[in-house]
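Everything below concerns the one structure shown next.
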Amino acid sequence: MRMRITTVGLLALVTLGACSEQVRAPRDPGVCYAVTRPDGEVQFNVVARDQPQIEFCAARLEEMRVRFLRMGGSTREITGSFQGQFIFVDARGVSFSRTLDGGRFFALARTGDGRLAVPGAIQRDIDELGVVTEAEAPAFPAAPQG
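With my numbering, the residue at position 70 of the sequence shown is 278, and numbering never jumps.
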């Protein structure tokens, strides 16, 4: 009997936890926010206005992160939001998500010198990939004429 009551109680807690309201990012057009969590409460602070795209907001957040580090800060990860999406800037690069704690879409990667770029545009260690130059290309027999 006690086991049944405990099971019902745990099930009720899980159900209530699933219904809890998630934090939503503001949808103000063109406004870039930094997200902070002092005392566990989420706050949105305006970083820049009139930003045309989410990538521009990510650049403003990266700029803020670098300035804080230059002033002696130790925060290496910044969270922001732009028009209903959350932005995460860290050592790997920039990721986007619709929720604060949900899955993330990797959008911008860091280059070797720390800049941000679209992941497909980064060309690393091309010599180690075995790229063959024209001078090193194997000779193929000529195709028969005919």
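For glycine and all other residues, C-beta sits at the position ideal for the given N, C-alpha and C.
Enclosing alpha helix (DSSP H) for residue i [first to last residue]
i: Leu269; result: 262-278
Counted within 10 angstroms of its Cβ, other Cβ atoms place residue i as buried (16 or more) or exposed
i: Ser174; result: The displayed coordinates of the chain run from 209 to 354. Any statement about residue 174 would go beyond what the structure contains.
i: Ala233; result: buried
i: Gly301; result: buried
i: Ala266; result: buried
i: Ala256; result: buried
i: Gln230; result: exposed
i: Gln259; result: buried
i: Val297; result: buried
i: Leu218; result: In this predicted model, Leu218 has a pLDDT of only 49, less than 50, meaning its place in the structure is not dependable; the value taken from the coordinates is given anyway. Classification for Leu218: exposed.
i: Arg284; result: exposed
i: Arg323; result: exposed
i: Pro246; result: exposed
Unbroken beta strand (DSSP E) run spanning residue i, endpoints
i: Gln259; result: Segment: none, Gln259 is in no beta strand (DSSP E) and carries neither H nor E.
i: Leu316; result: 313-318
i: Val326; result: Per DSSP, Val326 belongs to no beta strand (DSSP E) and is neither H nor E.
i: Ser289; result: 286-290
i: Ser282; result: No beta strand (DSSP E) contains Ser282, which DSSP labels as neither H nor E.
Of the residues the options, the one placed nearest residue i, counting alpha carbons only
i: Phe314; options: Leu308, Pro327, Arg306; result: Pro327
i: Gln251; options: Thr283, Ser282, Ala242; result: Ala242
i: Gly248; options: Gly281, Leu308, Leu316, Asp258; result: Leu308
i: Glu270; options: Ile286, Ser282, Arg306; result: Ile286
i: Ile262; options: Cys240, Arg312, Val254; result: Cys240
i: Arg268; options: Gly311, Asn253, Thr319, Gly310; result: Asn253
i: Ile295; options: Gly320, Asp321, Leu316, Pro246; result: Leu316
heavy atom of the ligand MG below 6 Å from residue i C-beta
i: Gln230; result: In the structure shown, the ligand MG is absent, as is every other ligand, since no ligand is present at all.
Could you check whether the region 271-281 touches the region 301-315, counting it as contact only if at least three pairs of C-beta atoms, one from each stretch, sit closer than 8 Å? no
Counting pairs of Cβ atoms below 8 Å between the region 233-252 and the region 281-295, do you hit three or more? yes
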